[in-house]
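Report on the structure given below.
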Ligand SMILES: Nc1ncnc2c1ncn2[C@@H]1O[C@H](COP(=O)(O)OP(=O)(O)OP(=O)(O)O)[C@@H](O)[C@H]1O
Ligand SMILES: [Mg+2]
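Residue numbers (our numbering): 3 to 284.
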């Protein structure tokens, strides 16, 4: 069985725990930050009733903190043994910006996660070895939807897809969304797909026209200004506390002075990316 599965063409660097995410400093949320949105996503993902929404779309502007949340959710789901698969798109890596390997990669990871699914996938690949070169819709149906629908499992299966906007072909992105938004896995399977992306027009359009699959949405740049500011303050305090171990000159205990700290927070607005960059430069 392993031989057949190992022949699945897949993007090995796609997972949340790949060397690539580590080298690109895709981190998880600093302790005490993003508590509300993480709780919301975790509650959504943990719902084990059949009527739970299958898709959660977390959108937000560049650098606001989506991938960091996706990483936290993937780690949380993995530690609770409900992470079925994760795919972190990356525009600068060929196989991670191409929709061609999405379903084969998800299938391979799902097979590592669930042995019943693995057997069903194996049967599919044995009868239809060409499936990996078929259309995205056929791949989804054969590699994901059909093997999942035979499962007898109450626990949710979480799938994290980060940065869908970094998939290079708009046509493929629309097709992926059309497939996810129209999927019909059997009622018994609690599939929970977290999709993060910038609010690009083609992605917004697809979500706005969704009629089939039930959907939860969260816009990260719409959160309350003060909430974002306090999260970024928490991040700075944690990072400043690490300075002594970074071999930097010792800072006075009351550094930065409150008015300087406020200016720093004003400069960041809601954007964690500015805060992370500032920490690297201080
Ligand atoms: N909750 C957080 N705790 C600690 N650091 C964070 C947090 N959120 C974001 N960051 C830092 O801010 C930077 C930008 O965040 P992130 O990459 O998650 O943004 P993004 O919304 O995914 O941006 P893009 O649309 O460009 O992919 C990250 O490198 C990370 O270091
Ligand atoms: Mg990102």
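Ideal Cβ positions, reconstructed from N, Cα and C, are used throughout, including at glycine.
Quick caveat, the model's predicted, so the values are computed rather than measured.
Task: Between the CA atoms of residue 94 and residue 168 - distance to the nearest angstrom - done: Taking the straight line from one Cα to the other gives about 9 Å.
Task: At least three beta-carbon pairs within less than 8 Å, the stretch 217-235 to the stretch 53-71 - done: As far as the Cβ criterion goes, the stretch 217-235 touches the stretch 53-71, which means the pair count is three or higher.
Open item on the list: Less than 8 Å between the C-beta atoms of residue 197 and residue 57, yes or no?
Closed with: It is a contact, given that the beta carbons lie within the stated cut-off.
Open item on the list: Rounded to the nearest angstrom, what separates residue 71 and residue 31 at their Cα positions?
Closed with: Our two residues, residue 71 and residue 31, have alpha carbons roughly 6 Å apart in a direct line.
- [ ] May I have the straight-line CA-CA distance separating residue 122 from residue 150, to the nearest angstrom?
- [x] Cα to Cα, residue 122 sits roughly 8 Å from residue 150.
Task: Within 8 Å, strictly: CB atoms of residue 55 and residue 216 - done: For residue 55 and residue 216, yes; Cβs fall inside 8 Å.
Task: Inside the stretch 133-175 only - beta strand (DSSP E) runs reaching at least 3 residues - done: If we require 3 residues or more, the beta strand (DSSP E) runs fully inside the stretch 133-175 come out as 159-164.
- [ ] Take residue 254 as the anchor and find which of 191, 264, 242 has the nearest alpha-carbon.
- [x] Nearest of 191, 264, 242 to residue 254, Cα basis: 242.
Task: Where residue 91 falls: helix, strand or coil (DSSP) - done: Correct three-state label for residue 91: coil.
TODO: Report yes if the C-beta distance between residue 212 and residue 101 is below 8 Å; otherwise report no.
DONE: Their beta carbons are not under 8 Å apart, which means residue 212 does not touch residue 101 by this criterion.
TODO: Taking 8 Å as the threshold, find out whether the stretch 102-115 comes into contact with the stretch 13-23 through three or more Cβ pairs.
DONE: In the pairwise beta carbon analysis, the stretch 102-115 is classified as touching the stretch 13-23: at least three pairs are separated by under 8 Å.
Task: Whole-number beta carbon distance between residue 142 and residue 181, since they are thought to touch under 8 Å - done: Correct: roughly 5 Å between the Cβ atoms.
- [ ] For the beta strand (DSSP E) containing residue 59, list its first residue and its last residue.
- [x] Per DSSP, residue 59 belongs to the beta strand (DSSP E) from 57-61.
- [ ] Report all residues from its chain with a CB closer than 6 Å to the CB of residue 274; omit the five preceding and five following residues, and keep chain order.
- [x] Sequence-distant Cβ neighbours of residue 274 in its own chain, meaning closer than 6 Å and more than five residues away, are 67.
Task: Best match in 4, 7, 28, 35 for proximity to residue 229 [C-alpha to C-alpha] - done: When each option's Cα is compared against that of residue 229, the closest is 35.
- [ ] Give me whichever residues DSSP pairs with residue 221 in a beta bridge.
- [x] BP columns for residue 221 point to 61.
Open item on the list: By the three-class DSSP mapping on this structure, what secondary structure does residue 20 have?
Closed with: DSSP places residue 20 in coil when its eight states are reduced to three.
Open item on the list: Between which two residues does the alpha helix (DSSP H) holding residue 198 run?
Closed with: Per DSSP, residue 198 belongs to no alpha helix (DSSP H); it is in the beta strand (DSSP E), 193-199.
Open item on the list: Residues around ligand 1, please: the condition is that the C-beta lies closer than 6 Å to some non-hydrogen atom of it.
Closed with: With the criterion CB distance below 6 Å from any heavy atom of ligand 1, the matching residues run 27, 29, 31, 32, 35, 36, 62, 64, 65, 66, 67, 68, 69, 70, 165, 200, 237, 274, 275, 278 along the chain.
Task: Reference residue 134; option with closest CA among 9, 5, 4 - done: Check the Cα spacing between residue 134 and each of 9, 5, 4: the tightest is with 9.
Open item on the list: Rounded to whole angstroms, what is the Cα-Cα separation between residue 160 and residue 193?
Closed with: Residue 160 and residue 193: Cα-Cα distance of roughly 6 Å.
TODO: Consult DSSP for residue 269 and reduce its assignment to one of helix, strand or coil.
DONE: Residue 269: helix per DSSP, three-state reduction.
Open item on the list: Considering Cα atoms alone, identify which of 174, 166, 138 is closest to residue 200.
Closed with: Of 174, 166, 138, the smallest CA-CA separation from residue 200 is found for 166.
Task: C-alpha gap between residue 78 and residue 41, whole angstroms - done: Using only the alpha carbons, I get a separation of about 11 Å.
- [ ] Report the option in 48, 239, 74, 265 whose CA atom is closest to the CA atom of residue 256.
- [x] With respect to the C-alpha of residue 256, the residue from 48, 239, 74, 265 having the closest C-alpha is 239.
Task: Residue from 208, 153, 177 whose Cα sits closest to the Cα of residue 190 - done: It is 153.
Task: Other residues of its chain near residue 37: CB distance less than 6 Å, five sequence neighbours each side excluded - done: Excluding sequence neighbours, residue 37 sits near nothing in its chain.
Task: Other residues of its chain near residue 259: CB distance less than 7 Å, five sequence neighbours each side excluded - done: Hits under 7 Å: none found.
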